[in-house]
Amino acid sequence: MPVITVQLGQCGNQLGAAWFDTLAEELSSGAYGPYAADAYFQQQDTLRSSSNSNAAASLAARAVLVDMEPKVIYSARQRAQASSHGWCYSSGSAASGQSGSGNNWAMGHHQWGPRMAPAVLELVRRQAEACDVLEGFLLLQSVAGGTGAGAGTFIAEALVDEYSSAHMLNCCVWPYASGEVTVQPFNSLLSMTALAQISSGMLLLQNEALHATCTRLLGIRHPGFKDLNAVAARALASALLPCRARPTTAGPTAAAATAAMPGTAQSSQRPSPGSRSQQRLGSSEAEQQQQQQQQQAWCGMSVGSPQLHSMADLTCHLFSHPSYRLASIRCVPQLPAGSVDFTTFTWPALLRRLKAMGVSGSYLEEGLSGFTTSAPGGLLPLHKYKNRAASSMLLLRGQDAGSVPVSEFDDPHFHAPWAVDPLLVASHSAKFAGWQMAATLLATDQACVAELQPMLAKAYAMASARAYLHQYEAYGLGEADMQQCFAAVEDVLAAYAAL
Amino acid sequence: MPRELITVQVGQCGNQIGCRFWELALREHAAYNPSGVYDDALSSFFRNVDQRQQPPLNLPVGSGMGAIQNLKARAVVVDMEEGVIQHMLKGPLSQLFDSQQLLYDVSGAGNNWAHGHHGYGPQYREALLGRLQAAAEAADSLQGFLLLHSLGGGTGSGLGTYLLGLLEDEFPEVFRFSAPVFPSEDDHVVTSPYNAALAATCLVESASCVLPVENQALGAIAGRLEAATAKGTAAAGSSLGGPGAAKAGSSGKPAGGNAAAWDAMNGIAANLLLHLTSSVRFEGTLNTDLNDITMNLVPFPRMHFLLSSLAPLAAPKDMAQLAAPRNVDQLFSDAFSRESQLLAADPRSATCLATALMMRGRLSLSDAQRNIARLRPSLKMAHWNTEGFKLGLCSQPPVGLPYSLLCLSNNCCIADTFSALMARFDKLYKRKIFVHHYTEYMEASGFEAAAECLNGLIADYRQADGAGPAPVTRMRPRGLSFL
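Residue numbers (the UniProt record's numbering), protein chains in the order written: chain A, 1 to 499; chain R, 1 to 483.
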């Protein structure tokens, strides 16, 4: 089902070009079936290609490129043309302003957003008309800048207003802690709170984590943005490429619940379903459970049959609770390209490491010795759990992915006690990124808000020193709005801390 | 679509720097545009004019593949004496300007700010407005004005700041950058403290962002370069400094006193401007344009004076030397050292409120981060911005170098520069020396207002220097009731 990608700002456009490149490369293997590319690309009649597009390109990305400066869009198109996987951006899918947003969220949101929105909505409408059934939007943006953050948030709001039944998944790039932009505390928090209200869910990609992956695991000593984008695009692709939900038998109470509500999602095996479900029903979070189950019902995942899994299913399961809209993404293995031939892949080792990354909250596949266990059921002593999630999703790709046992992930200590069927498992047998086996864990966990706390502290310090406030006030964002934003961030932090 | 910058060069010093700037800009664009097409990068600074038509027609960028017909600078050239302009019009740059862009008179402003600001200003108001509006109309989406002038003389400081006021009234949404030359301690124009103080007041009020340079610092840098290259002349460029340089102006004397040294100093200032605008013109992985600078480096409205430093300042003899990472690290060390600043100030002596590092060429984000981590302990940062560096990456290096770095910082040590200026001002004003020349054109209260404004600015900077964290009240979480 088609998804329109909206690339916002310089970061969004650079990441977007890498994203489509990765997708085109993976889909070109043909292992996903003839219609898989339809989700993100349009088959293009090569005879009618315009002068701008790659003459040999048969795939036109379902994308809208938005930036305040024309240079970035130009280089994204160049990258598409230079790609060897036969894709391009369709001509006339870009909207650019003339002068940048100056890293000012208020300028982006209150001034440029309204000016750019009609043009962007028009482009989106054209792309939407080319889809038979629009599933949703994938927005790629950074949260620290001015365009992706400010104007991007305004455009996201406009899209939600216009297409209220479509899902919107925001892929937000979190800046380096050591700063790329001086006012990033204000910009990132303003973006996060604005998006939290309207987005179906936000996947956080952190520049620090991507950088560390490149330097410590991929052997790239001086990574540039190109390398970071490649890692990020691969992680995204591992989450969004097609796969099938794995049906497994559920515990007795869950089965009763599913019988009562047709179309509820299934869960994988749990160690002690009986006692947990009693706990569940007695808890004060009964309402949230209801909501969760309802959400899953609307996803249309039918009982019994393996469903080809799409972005909507991901959004429905992962972001089923309205307070937990930030999720992290961990993709293993993290290997330099040259080591792939010399590595032996085994599912147990891979999954054990991924579980350890989840439990420790780390994004890197190293230093995990304290968090692995070979105990049956994969349960660790309680004090080892540094990270908990409201819901999670495990995606397996590669040989035997459909049958690998994953009971260790259905860990009651890793998930919140009130969560109903928090784990969803899906798989596909196609090789991903040339790796024999790959696994991805998406989780609305506490690790992804770990960066929010220091950013909030800096924002408080700046606001108390009244630094930069005049720049925001010039565009209509006053101190009261800032205070409201801080309060909303405190809410998010409190909600995740309560997991 | 192009984002244009209009350069307004006022006064002798402003025009001399301007001429070097245009030479270097042409050289840079010529190096990166061998086929002579009129593209977006060129259109930031130049118009493409079809001279065959009457009146001459400005050609748009279009697809970016059209050939260059006739380049005209997007500039307004103003001087109240004709020496420098005449010299320019006789030289190779004469083709860049058409008569509609020039405004000159013959008698000069006599090193009197009031004569420039309150005398010539109103007199030439309509003519100046006409030229500014013509230049602005020729631009599709005007990003900013660059004002080149000195503060010690009469025309650059007086008429220049009058123009700044005009720009603020007529084009309030367009950024006004000023690159003024501050007079040094040993300036030989006696009234330069008055001129500088009165002009600086206007800069505090009307400019978006100011990048001051000082002849003393530029001269020292040029002298070191000259010694380092072990050749007679340091400058590589035309000899524009002939008759103009010897005239009384607002500049201190360079070490050699010869035209080539003036050229070198002006060249450094011109390089600063080229570097600043490189990300606007050329592409890179982390674009930084002028409004990013204004946003990130101006935390408080009136404190918009930035310390700047460039590294490397000249091509080394052995280009291969520059390749090693050790030399990249040296670049960053130099950028924060006292000797590379274009103003006589020590960046490590006071708190740094915000810093921007704009890199060109083969530098990467990891180089920047590594060096920031290395140098940060030796810098005093504001408590609310301990890690905030604005980074910009442009892929095109300057001509002849594999990479270069511009460091702009909003540093409280600039209060020292202003204090020194006010000390010299007070010495004169206590006895009301030369005030009668100024009161021909303005009220004496103007002096008091200037002193108050600048002393206030100094106080603001001193307060921000070393200010500790204030107690912060955290917002209470609202709980899930908002759902």
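Glycine included, every Cβ here is placed at the ideal spot set by N, Cα and C.
Remember, it's a predicted structure, so these values are computed and weren't measured experimentally.
Proximal chain A residues relative to residue i, where beta-carbon distance stays under 7 angstroms
| i | result |
| --- | --- |
| Thr277 (chain R) | In chain order: nothing, as chain A lies at least about 13 angstroms away. |
| Met295 (chain R) | Gly102, Asn103, Asn104, Val183, Gln471 |
| Lys390 (chain R) | Val181, Thr182 |
| Met475 (chain R) | Gln483, Phe486, Ala487, Glu490 |
| Ala354 (chain R) | Thr182 |
| Glu387 (chain R) | Ala177, Ser178, Gly179 |
| Pro60 (chain R) | Those do not exist, as Pro60 (chain R) stays about 13 angstroms from chain A at its closest Cβ, beyond 7 angstroms. |
| Pro469 (chain R) | Ala461 |
Identity of the residue in the options nearest residue i by Cα
| i | options | result |
| --- | --- | --- |
| Arg325 (chain A) | A:Ala149, A:Pro175, A:Leu15, A:Leu442 | A:Leu442 |
| Val76 (chain R) | R:Gly392, R:Gly64, R:Phe97 | R:Phe97 |
| Gln42 (chain A) | A:Pro2, A:Gly113, A:Leu204, A:Ala232 | A:Pro2 |
| Asn266 (chain R) | R:Leu129, R:Gln216, R:Gln369, R:Thr386 | R:Gln216 |
| Tyr74 (chain A) | R:Glu283, R:Leu167, R:Gly119 | R:Glu283 |
| Thr5 (chain A) | A:Gln184, A:Glu26, A:Leu159, A:Gly150 | A:Leu159 |
| Ala390 (chain A) | A:Val420, A:Leu350, A:Gly398 | A:Val420 |
| Leu190 (chain A) | A:Pro70, A:Ser178, A:Leu364, A:Trp174 | A:Trp174 |
| Leu228 (chain A) | R:Ser366, R:Leu457, R:Asn455 | R:Ser366 |
| Ser199 (chain A) | A:Pro34, A:Ala39, A:Phe186, A:Met168 | A:Met168 |
| Phe45 (chain R) | R:Cys202, R:Asn112, R:Leu5 | R:Leu5 |
| Ala24 (chain A) | A:Trp435, A:Gly9, A:Ala61, A:Gln14 | A:Ala61 |
| Ser63 (chain R) | A:Leu335, A:Pro70, A:Thr373 | A:Pro70 |
| Leu103 (chain R) | R:His117, R:Tyr124, R:Asn111 | R:Tyr124 |
| His149 (chain R) | R:Gly14, R:Ala423, R:Ser337 | R:Gly14 |
| Glu157 (chain A) | A:Trp418, A:Phe137, A:Tyr89, A:Ser101 | A:Phe137 |
| Ser339 (chain A) | A:Cys214, A:Leu218, A:Leu477, A:Asp132 | A:Leu218 |
Under 9 angstroms from the C-beta of residue i: neighbouring residues of chain A
| i | result |
| --- | --- |
| residue 486 (chain R) | In the structure as shown, chain R starts at 1 and stops at 483, and residue 486 (chain R) therefore has no counterpart that could be examined. |
| Ile372 (chain R) | Ser178, Gly179 |
| Pro299 (chain R) | Thr182, Val183, Met462, Ala465, Arg466, Ala467, Tyr468, Leu469, His470, Gln471 |
Residues sharing a beta bridge with residue i, DSSP
| i | result |
| --- | --- |
| Phe182 (chain R) | R:Glu214 |
| residue 507 (chain A) | Outside the shown range of chain A, which is 1 to 499, sits residue 507 (chain A), and nothing can be said about it. |
| Ala158 (chain A) | Its beta-bridge partners do not exist; DSSP assigns none. |
| Leu225 (chain R) | Beta-bridge pairing links Leu225 (chain R) to no other residue. |
| Thr5 (chain A) | A:Ala63, A:Leu138 |
| Gln81 (chain A) | Note: Gln81 (chain A) sits in no beta bridge, so no partner. |
| Phe20 (chain A) | Its beta-bridge partners do not exist; DSSP assigns none. |
| Gly201 (chain A) | A:Leu169 |
| Trp174 (chain A) | A:Gln206 |
| Leu326 (chain A) | A:Met202 |
| His415 (chain A) | A:Ala389 |
Closer than 8 angstroms at the beta carbon, the chain R residues around residue i
| i | result |
| --- | --- |
| Ser99 (chain A) | Arg3, Ser141, Gln143, Asp289, Asn291 |
| Met455 (chain A) | The contacting residues do not exist; Met455 (chain A) stays about 11 angstroms from chain R at best. |
| Glu69 (chain A) | Arg3, Asn287, Asp289 |
| Tyr460 (chain A) | Val472, Arg474 |
| Val72 (chain A) | Glu283, Asn287 |
| Ser75 (chain A) | Glu283 |
Amino acids of chain R, ordered along the chain, whose beta-carbon sits closer than 9 angstroms to that of residue i
| i | result |
| --- | --- |
| Gln10 (chain A) | Thr285, Leu286, Asn287 |
| Ser403 (chain A) | Correct list: empty, because the minimum Cβ distance to chain R is about 40 angstroms. |
Within chain R, the residues that residue i reaches when beta carbons sit closer than 7 angstroms
| i | result |
| --- | --- |
| Pro223 (chain A) | Ser366 |
| Ala80 (chain A) | Chain R residues near Ala80 (chain A): none, gap ~16 angstroms exceeds 7 angstroms. |
| Ala494 (chain A) | Pro477 |
Beta-carbon neighbours of residue i, restricted to chain D and to distances below 9 angstroms
| i | result |
| --- | --- |
| Val143 (chain A) | Among the protein chains of the structure shown, namely A and R, there is no chain D. |
Contacts that residue i makes with chain A (C-beta to C-beta distance below 8 angstroms)
| i | result |
| --- | --- |
| Trp384 (chain R) | Lys458, Ala461, Met462, Ser464, Ala465, Ala467 |
Unbroken stretches of the beta strand (DSSP E), 3 residues or longer, contained in the segment 116 to 159 of chain R
Counting whole runs of 3 or more residues, the segment 116 to 159 of chain R contains the beta strand (DSSP E) stretches 142 to 150.
Evaluate the contact criterion for the segment 372 to 384 of chain R versus the segment 339 to 346 of chain R: three or more CB pairs, one atom per stretch, below 8 angstroms.
Contact between the segment 372 to 384 of chain R and the segment 339 to 346 of chain R is not established, with fewer than three Cβ pairs separated by less than 8 angstroms.
Which full runs of the alpha helix (DSSP H) of 4+ residues lie inside the UniProt domain "Tubulin/FtsZ 2-layer sandwich" (286 to 423) of chain R, going along the chain?
Restricted to the UniProt domain "Tubulin/FtsZ 2-layer sandwich" (286 to 423) of chain R, the alpha helix (DSSP H) segments that are unbroken, complete and at least 4 residues in length are 290 to 297, 325 to 335, 365 to 375, listed in chain order.
Ignoring anything shorter than 4 residues or poking outside the segment 44 to 116 of chain R, list the alpha helix (DSSP H) runs there in chain order.
83 to 90, all fully within the segment 44 to 116 of chain R.
Tell me whether the segment 386 to 406 of chain R and the segment 279 to 290 of chain R touch, counting them as touching only if at least three CB pairs, one residue from each stretch, are closer than 8 angstroms.
Flag = yes, the segment 386 to 406 of chain R and the segment 279 to 290 of chain R touch.
Cβ contact check for the segment 260 to 276 of chain R and the segment 79 to 96 of chain A: 3 or more pairs under 8 angstroms:
Judged by pairs of C-beta atoms under 8 angstroms, the segment 260 to 276 of chain R does not touch the segment 79 to 96 of chain A, as fewer than three such pairs exist.
Answer yes if the segment 6 to 23 of chain A comes into contact with the segment 216 to 236 of chain A, meaning at least three C-beta pairs across the two stretches below 8 angstroms, and no otherwise.
With a cut-off of 8 angstroms, the segment 6 to 23 of chain A and the segment 216 to 236 of chain A count as touching, because enough Cβ pairs lie within range.
Between the segment 56 to 63 of chain R and the segment 299 to 311 of chain R, do three or more beta carbon pairs fall short of 8 angstroms?
Not touching, per the Cβ criterion.
Length at least 4, wholly inside the segment 432 to 485 of chain A: the alpha helix (DSSP H) runs in chain order
Runs of alpha helix (DSSP H) with 4 or more residues, each lying fully within the segment 432 to 485 of chain A, are found at 452 to 464, 469 to 473, listed in chain order.
The segment 461 to 472 of chain A touching the segment 128 to 138 of chain R, judged by at least three CB pairs closer than 8 angstroms
Touching, no.
Pair every Cβ in the segment 203 to 212 of chain A with every Cβ in the segment 386 to 406 of chain A, then say whether three or more of these pairs are closer than 8 angstroms.
No: fewer than three Cβ pairs fall under 8 angstroms.
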